[in-house]
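Each remark here refers to the structure printed beneath this line.
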Amino acid sequence: MAAELVGGALLSASLQVAFDRLASLKVLDFFRGRKLNEALLKKLNIMLLSINAVVDDAEEKQISDQYVKAWLDEVKDAVFEAEDLLDEIDIEVTKSKLDAESDQTRTCKVWNFFNASVSSFDKEIESRMRQVLEILEYLESKKHILGLKEASGSGVGLGRHVSQKLPTSSLVDETVIYGRDDEKEIIFNWLMCDPENDKPLSIISIVGMGGMGKTTLAQHIYNDPRMEDEFDIKVWVCVSDEFDVVKITRAILEAITGSINDARDINMLHVELKKKLARNRFLLVLDDVWNENHMQWEALQTPLNYGARGSKILVTTRSEKVASTMRANNIHHIEQLQNDHCWQLFARHAFQGENPQIIHEFKEIGRKIVEKCKGLPLALKTIGSLLYTKSSVLEWESILKSEIWDLPEENNNIIPALRLSYHHLPSHLKRCFAYCSLFPKDYVFDKEHLYLLWMAENFLQCPQQNKSMKEVGEQYFNDLLSRSFFQQSRGHKRGFIMHDLLNDLAKYVSGCFCFRLEDKEAQNISKMTRHFSFVKARLESANRFEVLHDAKRFRTFLPLNRNPKDVKCWMSSKLMHELFSKFKYLRVFSLAGYFNVDELPDSIGKLKHLRYIDVSHTSIKKLPNSVCLLYNLQVLKLKQCQFLEELPTSLHKLTNLHYLDFRGSKVTKTPMDFGKMKNLQMLSSFYVGKGRESNIQQLGELNLYRGLSISGLQNIENPLDASAANFKTKVLLRKLKLEWSMNHGESEKEREVLEKLQPSNCLINLSIANYGGTRFPDWFGENSLSKLTYLKLSDCKNCVLLSPLGLLSSLKQLIIKGLDGIVVIGDEFYGSSSSSFVSLETLDFMDMREWEKWDKIVKSAFPHLKRLSIVNCPKLKEHLPLPEQLPCLMEIEISNCQQLVVSSPCAPSALRSLTIGGCGMEGSFLECIGQTTSNTFIDTLKIIDCPNMNIPMHHWHNFLVKLSIKSSCDSLRTFSLDFFPKLRLLKLWKCSNLEMISQEHDHNLTSLKIRECPRFVSFPSGGLSAPRLDYFAIEKLENLKSLPESMHILLPSLIKLRILDCPQLESFSEGGLPSNLKSLDLSNCSKLIPYLKWAWGTNNSLAKLSVEQVEVESFPDQGLLPLSLTALSIIKCPNLKKLDYKGLCHLSSLQSLHLSDCPRLPCLPEEGLPKSISTLKITGNCSSSLVSGSSDQTKSFAVEAVQETLLATHLMLTCKAIT
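Position 256 of the sequence shown, counted from 1, bears residue number 256 in UniProt numbering, the numbering being contiguous throughout.
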């Protein structure tokens, strides 16, 4: 497929918008009022109509005719110019009307506006319109030369209106896979069988052309329940086009650990991955691999060879050469679907459960179309979804007879299907789909984010005035989703992706008008480019964007995050100011995530076309007032702007604003006249002011959706004002938080206010905080909140009676916190004796200081309860009446309930986790629980602040996996690991009398932490034998004098070791540290420092070393540190006066050096630092000479290192200089 696929019908939607706007009274009144040449509008309309008549034919012919393609590009460019002109007229009219409305003599001003003499603005508009008209006249004159014909008006044609929402989705049902059962079993058997040779790792490759279903087959194999028992670790990584060994290795690690890994060094990543995979049988799926370079594959494979025997790699690829490069043990060529299976897949998407008679009418044509699809699942799914929207036989026959099927192209078995599906999209959806070319391959996008971008680009058409922009945007999105242009992301519940082929298609049909900057691209951007995106880098410099030199008419500047969690980046001020000065036609502008951005220039007010601004996750302190001159602005995102304290006072002038989000900011005051923003639909927060200031009545006219947090409700003077907010009618509002101040006013008034704030019965999430009424309103019932799934009542101090919350049939999570007026919870809580809390899964009571009694629980209550937590309820006494049958209860937490005794004849059989905490919680409590756990397998036990409690010696020790004891069990002196054979994680913290750990047999511990146990003196005699231990921390053990013996032998899997504040430790164990140790933290262990040289033993893996609070004047000594070190931190060493070059110069792998709170260190070594260092970080209490000297020394680094170091010194440097 080549760039000739640029879709001319992308023009159709733009032309339709232009027609509507040219005919609008706003534009006509402007021309008439300013006495401009109205004939220009008529001529422009005629030209656009003439061009529109041949657009469909041009779309067909431009595929094979480059002259038609060039003609379409020129037409589109001219139409965009016309759109800009019409936008400017709209903005001028809006501005003038707003100015008039703000004046008492607005009638006179409006009259003067429409009768004003011709201004320079008017002359410019007229001149530019003549230019556009001349271009269009010239292009229109060429249509006959190009052989373009007008559409006849018959046939399928292209839709002009919003298509109806499909009743069923066309997404792949994960439970169904057609025609792949046999293939699945073949590959499954390969995965299960032991390797034939001595190699522990086997590679299996699924090979087939694009769209054949390789990924789908791999997903079904990966999720087969039989896999769970065969592999210790399962990892899925989408490789895609770029085979970057570092990135792929990091992705594998992050999938295993579940945390972000910022390491850039391949050695560090290899070593860590080796540790994670060692002795584990793993299944790794590498999806969509294109790499044919054997050396790159070997570099990735190295650590994978350390998995346990029987580990497998499953690869999907379009190329058999890739499989050969990877030396796959087995190669499976995925075949085309058989006819019967093709029909099943096609029928699933084309008919979707329709009337059998209707299916029969189309069956014959459908069979022929299925035959055309040549067994390709993606084509069957895409065309089937398309045909579901076609209701006549003629439309089906038109698709069957389409010549596009047979166009000779590369991969012509699938591209015709994709292009045909695109061709038959309504023109408004074509434009939306093409816009998605801004997203990189495998990019996970959010539905709301995308349709807000569409709205800002003016892609959403609302022929039905009763539909909101949100509803139209969601319908557009769902239409594309149902036609399989989008797919649900596997890894993100709310995320979506586009298949690579569809991403390619979007890129090609958008042509030069959308440009996605990729690092490998160096070519300049076309002058016609309107939409621009790029994946953010940590440090953005102007050099990266030199390709934008010729681009002047950008509408979109969109930075994207490849990793949603990686939001902090930096942009040079030079680049930011260039953006504001160069691109005057921006509609969409984002600086989200550039943390160093702390202000927007006043010149932003000159970007009058702006409709979308996103400065979320920046350091913005204040928005310039000029923002309020952006009359077209529809979206303003200020999320997590932690330093933003106020919004502009004239924000109400933004009458087109639809979306305003300032969650996570310090804004506590809502500007006046919010109610004038009639189009506002998403408002994150609202603060009720005193008197007329920010009155809650302003919310009455707003049709809000999503979520809203309202604070300052104590300032409502008249409860009728709350009624005027009309929350009961806001059916699109799903989440609501209502908050008063802690200083309660009149209890009865607050109850009236809450009564008037009744939400619609569509609400899903409700939180009420600091409410001062004695009771909750009557609408806390089943009928009023029938869809509520989450309810939190916090710090409602005056409330003395709970509502019948058990009647809330959809409620899944209930949190009751700080209701000090509640003394007894009785029958009123349930509301029914037959069924109560039928959907509840989590129940939390917290800080109920006066609660004394929980009356008998209704026997049939809580049938699905999974978690019960009762924390800080000191007066709750007698017996806690757990129901006899809680079949789903898995977790119980009881803390600081000193008078509570549990009474239950039979503990829940599903119970897995138990947390006990608080002084006064005697051992009898735990023993009572223990007596009722004969049928349970508790695997997690936490005991906190229970000094008089003993560790129960019951059968459950055989099942415990996680045990944490903090400030408890004073009688415990020796902890015997042998009593806990399945324990994996052990934390012993502030056990005042604990002296030692003992064991007689090897143990399977993976994590051990001992902290602040003042009498702890020894580990098991002969050493701590835990071959799977990978994390070991000892902290503040003031009497411990020696580490476990033979660590290098008995702890082979140890990766991270922390030794903090153990001043009596004098040496490492004989034989040194384990060879696989990667990270070592030492703090306040000065006696150990001289022995570091002998501690390494055979270790060549240590990558990170942190030395803190040690008494040294010079560090490190020559030969003290290992060659493998990549990161070194020296922290809080008040007497350090010298960094010894001889101890650093040999560290050829060292990349990062962090110095903090070393006030006597005057400078870096005169000889310099190792050339490998790329990041120098100086923080805390450091001398000014060290800071200035370090800046000078960066000049000797390599260019790449200088850039990284400048990032550190200019952006990360937070020194408190000593003078």
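Beta carbons are placed, not taken as given, at the ideal position from N, Cα and C, and that holds for glycine.
Contact set for residue i: own chain, Cβ-Cβ below 7 angstroms, skip 5 residues either direction
i: Asn-798; result: His-744, Ser-747, Gly-772, Gly-773, Thr-774 and Gly-821
i: His-1001; result: Asp-978
Same chain, Cβ closer than 6 angstroms to residue i, neighbours up to 5 away in sequence not counted
i: Ala-58; result: Gly-8, Val-68, Leu-72 and Leu-148
i: Lys-737; result: Ser-709 and Ser-767
i: Lys-676; result: His-652
i: Gly-208; result: Lys-214 and Ile-334
i: Asp-77; result: Met-528
i: Ala-1198; result: Interpretation of Ala-1198 is limited by its pLDDT of 29, a score under 50 that renders its predicted location unreliable; the figure taken from the coordinates is listed afterwards. Cβ neighbours of Ala-1198 beyond the five flanking positions: none.
i: Asp-661; result: Lys-637, Lys-639 and Ser-684
i: Gln-461; result: His-428
i: Ser-1067; result: Tyr-1091
i: Gly-818; result: Ser-794, Asp-795 and Asp-847
Close Cβ partners of residue i (< 8 angstroms) along its chain, the five nearest in sequence each way excluded
i: Leu-983; result: Leu-960, Val-961, Lys-962, Leu-963, Leu-977, His-1003, Asn-1004 and Leu-1005
i: Asn-1076; result: Val-271, Lys-274, Lys-275, Ala-278, Pro-1052, Ser-1053, Leu-1054, Ile-1055, Asn-1099 and Ser-1101
i: Lys-1137; result: Glu-1113, Ser-1114, Arg-1160, Leu-1161 and Pro-1162
i: Cys-641; result: Val-615, Ser-616, His-617, Thr-618, Ser-619, Ile-620, Phe-662, Gly-664 and Ser-665
i: Glu-92; result: Phe-30 and Phe-121
Sub-8 angstroms separation of residue i and residue j beta-carbons
i: Ser-456; j: Arg-553; result: The sequence as given places Ala at residue 456; Ser does not occur at that position. No, the Cβ-Cβ distance between Ala-456 and Arg-553 is not below 8 angstroms.
i: Leu-139; j: Leu-44; result: no
i: Leu-994; j: Arg-1015; result: yes
i: Val-823; j: Trp-851; result: yes
i: His-864; j: Ser-839; result: yes
i: Tyr-513; j: Ile-525; result: The question names Tyr, but residue 513 is Phe in the sequence shown. In this structure, Ile-525 does not lie closer than 8 angstroms to Phe-513 by Cβ.
i: Gly-593; j: His-609; result: no
i: Gly-375; j: Ala-350; result: no
i: Leu-623; j: Leu-647; result: yes
Bridge partners - residue i, DSSP secondary structure assignment
i: Leu-1139; result: Phe-1115
i: Met-996; result: Thr-974 and Ser-1018
i: Trp-236; result: Val-285
i: Glu-893; result: Ser-869 and Thr-915
i: Met-682; result: Tyr-659
i: Cys-569; result: Tyr-594
i: His-349; result: The partner list for His-349 (beta bridge, DSSP) is empty, contrary to what the question assumes.
i: Lys-1009; result: Lys-987 and Ala-1033
Exposure of residue i, with buried meaning 16 or more beta-carbon neighbours within 10 Å
i: Thr-649; result: exposed
i: Ile-260; result: exposed
i: Pro-1134; result: exposed
i: Asp-20; result: exposed
i: His-577; result: exposed
i: Arg-611; result: buried
i: Ser-684; result: buried
i: Val-393; result: exposed
i: Phe-780; result: buried
i: His-423; result: buried
i: Asp-288; result: buried
i: Arg-327; result: exposed
i: Glu-750; result: buried
i: Gly-179; result: buried
i: Thr-316; result: buried
i: Asp-1081; result: buried
Closer than 7 angstroms: residue i CB and nearest the ligand NAP heavy atom
i: Lys-447; result: Judged by which ligands are present, the structure shown has none, so any question about the ligand NAP falls away.
Taking 8 angstroms as the cut-off, does the segment 227-234 touch the segment 325-339 (at least 3 CB pairs, one atom from each stretch)?
no
Say whether the segment 667-674 touches the segment 718-735, bearing in mind that this needs 3 or more beta-carbon pairs closer than 8 angstroms, one atom from each stretch.
no
Quick one: any contact between the segment 1111-1126 and the segment 1136-1154, if contact means 3 or more CB pairs under 8 angstroms?
yes
Across the segment 530-546 and the segment 433-447, are there enough close Cβ pairs to call them in contact, namely three or more that are closer than 8 angstroms?
yes
Below 8 angstroms, how does it come out for the segment 1080-1098 and the segment 1054-1068: are there three or more Cβ pairs, yes or no?
yes
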